[in-house]
Every structure is written in structure tokens, then in C-alpha cells.
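Line order of the protein sequences matches chains A and B.
Numbering-wise (my numbering), the first sequence opens with residue 15 and increments by one.
Numbering-wise (my numbering), the second sequence opens with residue 3 and increments by one.
Glycine included, C-beta positions come from ideal geometry on N, C-alpha and C.
It should be emphasised that the depicted structure is a prediction, and the values quoted were computed from it without experimental measurement.
Read through the structure below, which is laid out as C-alpha cells, and then see the notes.
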Amino acid sequence: MNRQSIRDAMIESLAGVTPDHPAQGLDKGVDPGTDRLDLLPQAVREHLVENEGLRREWRQLLRQVRAIRTLERVPVPSDLDGRVVASLQAGYRQERAIAHVRALPPEPAPHELDVRMGQSAGRPFAADGLDPGFLKAPAVLDRLVAKRVSSGGGARPQGSPRSTRLMAAAALLVASSLGLMALLGDRSSNLGDDGLEMASFSFRVIRIEDPALAHPDLVNLLGGMSGGALDGRGRVR
Amino acid sequence: MACQESPGRGFDGAFRDLYEQYKDRVYNVCYRTTGNAADALDASQETFGILFRKVSAFRFESKFSSWVYRIAVNASIDLKRRSAARPAASLDLLRSPSGGGSPIDFKDEGIEGPAAAAARLELQAEIQEAITRLSPKMRAITVLRYNESLSYEEIAESLGTSLGTVKSRLSRAHAALDRELTPILDRHHLR
């Protein structure tokens, strides 16, 4: 046996150690009260009788286990009963709630939802029997795509980049119902209660129904905003 | 083991029997592993909660008691890990202010005086503290082996490890205990 296997055997033999175990038949030269060689297998015991180092190690192990076994069993506090019951009942309540929810019949969506969805989409899409959650593409889109594909440009749309087209659309929107807020007059200023200068301005809102009648500077401004989509007379190119 | 019943039937019958059968072992494992009563109570409650939720899934591939010990040990270690940031209830309350030094005779089962009782409590508190200072794995194996008196096979089942791991871990636990316990036992003049 090597030292590790002897140590393992010694540790395994500690199972029988009690704090006040009575001494039993022991070899001579050992302390019957503490050495407890009787717990060891014969082969290990022979090593210990001959080897003081191993005997010292065994005594240390015995000492540790005796000390640990002085720890008495602690009584279970009465709180535990109540806490376990409470936690189980809480668990039952949750399970019951989940079971109730699972047992609920499926609730049909109210017609009001169809109406609201139709309003938000701009058309009563539920009226033609479609799933309320499904928006059908307008037929004009099919025509536009077919036209684009059949034209010489191929399937891939050619033209201005998306940002420019969006800019043009924004400019058209402005032009169709044009409102211009102009800053007019001189800046006036006075002092506030805290001594700081406070500026004030006058504003005027001008509404132009037809961009062609607008001031040339404004038309040029719109032309710039639209990325050239509007010409110099405020018309769409 | 007649505990395979629906949790919906409440805390009666087989569940009550199971709780009564294991509460002492569960609480003591939790107490020795966590090192204080408050955490032991929490870990025990958690253990029985898990036990009752999962008992119907137990497949009898190991001893039922090993499964219970495993849940208790894991609940204690998890709780200890979660509460590592907050200070544990001190065991210093059990100590005598003098710091001890009087020899204690384990074999003396006569009538215990107040001083001897205080010294015994102090020693036990220090031993418990020494166990609590071990790593969670070594603490668990020490408690299962020497407080719960489990065999190596039962420990292996409870901790989900091999017999070889049990032996090597127990050997390392004794080396750690030697460092932790020897000064305490020397101070108390224990052989």
C-alpha cells in the first residue's frame, strides 16, 4: 500500500468514530483512548503500528472527526412547518390560476377591432373577408411594377436615390398647401427682471395656394429643397 | 415510498409524511452547510418546495434520500452564494467573552455546569465556523459524511459524483479541516 491508499483507508475508517466511543482491543504501544486502531483494516493497522508518522496522521484525522461529531443535531424550528405549508399553498394557488387561464375558451376579436384597423389603414379591409391582420397591396402597385418591368429599364428601378425622391415628395407636399412663416421687422430688445437682454421678433404667416404665383426666391428655395424636382416656376418636373 | 401524488391535493397524506420523515435531516444539512439558522430555514423551505414540485418526476434511479440530500445541499450552497454579499448571522453570540481555554472532556456525561455548557457551546460554534470556512463542495461532503453518516456510495449519489471523486474530495476536505480545526482544538486542549 502506498501512503495515499493508506490515507484513503484511514479516512474511510473514520465512519465509526464517535466523540465518546469506548476503547476496544488495541495493539500495544498505542493510546487506547485516542488511537482507535481497531477501526482500521488489519493491513493498515500494521503500517500504523510501525510508522509513527502515519499514527500521528491517524490521530489528527480522529481528532477532526471527533470534534465534528460533537456538533449536536439542531432541532427543527417550528417556523419551518408554517413556511413549507405556506409556500406549497402559494404553489397550488399559482397552479390553479394557470390551469384556469389555460381552460379559458378562445375569445373572438370584436368587430370594433376590424373597424379601428380599417380606419388606421385607410380602408375597411375586413369587409372583403380578409384576415384583419393582413393588408393587401393596392392593385395600382401591381400595374406600376408591371409597367416598370416592361419598360426598357429592366426590373431594377432606375432614377434618383431614395433620399432624393423623399425630398421631392416632401417639397411637393409643401408646395401643394404652401405655408410660409416669414420673419419680418427689426429685432427689438429690452432687459428682463434679471438684467439680461431679451430679444423679441414679429412673425407673419403667408399662405400661397399656387406655387407658380409665389415669389421667385421662394420658388428657388422650394427647388433647392426638392433636389431639383421643382422647376424655376414652381412646377413639378 | 408513497409520495407520488398530485401536488394539488395539498399538504396532507403522503406529503405530510414525507416532510415529517425528512425535515430533521434536511434542516440539519442546511444548518451545517449554511452555518446559521436563518439561512438554514430558507434553504430548508426551498428544499421542500423543490421536492414537492418535482417528486412526481423522481425516477427511482437513486435512493430517494440521496435525492433529498442533493436538493438540500444545492439549495444551501445556492443560498449561501446568493447571500455572500450580506453578512451572515454571527456565531460569536455563542462564545464566552473570556475566549476559552478550559479543557473539555468529550467523555464526561455527568451533569454539566453553566461554565462547561458555555465552553461546549463556544467550541461547537468555532467548529461550525471552521466547517463554514471550507469551500462549498468540501463543506457538503464533510457534513454528509460526519454529520449525516452517509456511506461513500450515498454521498456519490447525493452529490452526483463518482466514488473516486468522493474519496479525493474527502481527503482534501480533511487537509483543509486540519488547517482550520487544529488551532481551535489546540486552544481548547482537545486531543
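Residue j and residue i - do their beta-carbons sit closer together than 8 Å?
{"i": "B/F194", "j": "B/Y21", "result": "As shown, chain B starts at 3 and ends at 193. That puts residue 194 of chain B outside it, with no answer to give."}
{"i": "A/G28", "j": "A/L68", "result": "The residue asked about is misnamed: residue 28 of chain A is Leu in this sequence, not Gly. No, these two residues do not count as a Cβ contact at 8 Å."}
{"i": "B/L165", "j": "B/A132", "result": "no"}
{"i": "B/S58", "j": "B/E156", "result": "no"}
{"i": "B/T35", "j": "B/A177", "result": "no"}
{"i": "B/A74", "j": "B/L136", "result": "no"}
{"i": "A/V90", "j": "B/D41", "result": "no"}
{"i": "B/L43", "j": "A/L94", "result": "yes"}
{"i": "A/R83", "j": "A/V31", "result": "yes"}
{"i": "A/R70", "j": "B/L187", "result": "no"}
{"i": "B/Y71", "j": "B/S160", "result": "yes"}
{"i": "B/N76", "j": "A/R87", "result": "no"}
{"i": "B/Q126", "j": "A/R97", "result": "no"}
{"i": "A/H61", "j": "A/I25", "result": "no"}
{"i": "B/R129", "j": "B/L183", "result": "For clarity, residue 129 of chain B is Ile in the given sequence; the question names Arg instead. Cβ distance < 8 Å, so B/I129 and B/L183 count as in contact."}
{"i": "B/G37", "j": "B/T163", "result": "no"}
{"i": "A/P55", "j": "A/A23", "result": "yes"}
{"i": "A/R73", "j": "A/D49", "result": "yes"}
{"i": "B/P1", "j": "B/I79", "result": "Nothing about residue 1 of chain B can be read from this structure; chain B reaches only from 3 to 193."}
{"i": "A/V79", "j": "B/Y148", "result": "yes"}
{"i": "B/A121", "j": "B/L81", "result": "no"}
Using the beta-carbon of each residue, which ones in chain B are nearer than 9 Å to residue i?
{"i": "A/D52", "result": "Result: empty, since nearest Cβ-Cβ is about 17 Å, beyond 9 Å."}
List, in order along the chain, the chain A residues whose C-beta lies closer than 8 Å to that of residue i?
{"i": "B/A144", "result": "For the sequence presented, residue 144 of chain B should be read as Thr rather than Ala. Result: I82."}
{"i": "B/D180", "result": "Q74, Q78"}
{"i": "B/L20", "result": "Within 8 Å Cβ-Cβ: nothing; B/L20 doesn't reach chain A, min ~11 Å."}
{"i": "B/I129", "result": "A81, I82, T84, L85"}
{"i": "B/S151", "result": "A29"}
Return helix, strand or coil for residue i, following the three-state DSSP convention.
{"i": "B/R84", "result": "helix"}
{"i": "B/S64", "result": "coil"}
{"i": "A/T32", "result": "coil"}
{"i": "B/T36", "result": "helix"}
{"i": "B/E150", "result": "coil"}
{"i": "B/G51", "result": "helix"}
{"i": "B/T163", "result": "coil"}
{"i": "A/D128", "result": "helix"}
{"i": "B/D188", "result": "helix"}
{"i": "B/E194", "result": "Nothing about residue 194 of chain B can be read from this structure; chain B reaches only from 3 to 193."}
{"i": "A/L232", "result": "helix"}
{"i": "A/L53", "result": "helix"}
{"i": "A/R21", "result": "helix"}
{"i": "A/G237", "result": "helix"}
{"i": "B/S170", "result": "helix"}
{"i": "B/G115", "result": "coil"}
{"i": "B/A175", "result": "helix"}
{"i": "A/S164", "result": "helix"}
{"i": "A/N16", "result": "coil"}
{"i": "B/P138", "result": "helix"}
{"i": "B/A132", "result": "helix"}
{"i": "A/S191", "result": "Note that A/S191 scores a pLDDT of 49, beneath 50, so its modelled location is shaky and nothing firm can be said."}
{"i": "B/S58", "result": "helix"}
{"i": "A/A151", "result": "coil"}
Which chain A residues are close to residue i, counting only those with a beta carbon under 9 Å from its beta carbon?
{"i": "B/Q23", "result": "Simply none; closest approach about 12 Å."}
{"i": "B/L125", "result": "A81, T84"}
{"i": "B/L136", "result": "By Cβ distance, chain A contributes nothing, its closest Cβ being about 11 Å from B/L136, past 9 Å."}
{"i": "B/A39", "result": "V88, P91"}
{"i": "B/L81", "result": "Within 9 Å Cβ-Cβ: nothing; B/L81 doesn't reach chain A, min ~14 Å."}
Interface residues of chain B around residue i at Cβ under 7 Å?
{"i": "A/S101", "result": "Q47, G51"}
{"i": "A/P55", "result": "Under the 7 Å cutoff, chain B gives no residues; its nearest Cβ is about 15 Å from A/P55."}
{"i": "A/V90", "result": "K25, D26, Y29"}
{"i": "A/V98", "result": "Y21, Q47, F50"}
{"i": "A/D93", "result": "L43"}
What does residue i touch in chain A if you count any residue whose Cβ is under 7 Å from its own?
{"i": "B/F54", "result": "L102"}
{"i": "B/K139", "result": "By Cβ distance, chain A contributes nothing, its closest Cβ being about 16 Å from B/K139, past 7 Å."}
{"i": "B/H176", "result": "I25, L75, Q78"}
{"i": "B/S173", "result": "R21, D22, I25"}
{"i": "B/A117", "result": "Correct list: empty, because the minimum Cβ distance to chain A is about 17 Å."}
{"i": "B/L183", "result": "Q78, A81"}
{"i": "B/Y33", "result": "V88"}
{"i": "B/L187", "result": "R77, A81"}
{"i": "B/K169", "result": "D22"}
{"i": "B/Y148", "result": "V79, I82, R83"}
Below 8 Å on C-beta distance, what does residue i contact in chain B?
{"i": "A/D49", "result": "What A/D49 touches in chain B: nothing, since even the nearest Cβ is about 10 Å away."}
{"i": "A/A111", "result": "Simply none; closest approach about 12 Å."}
Unbroken stretches of the alpha helix (DSSP H), 4 residues or longer, contained in the region 63-126 of chain A: Runs found: 66-82, 93-117.
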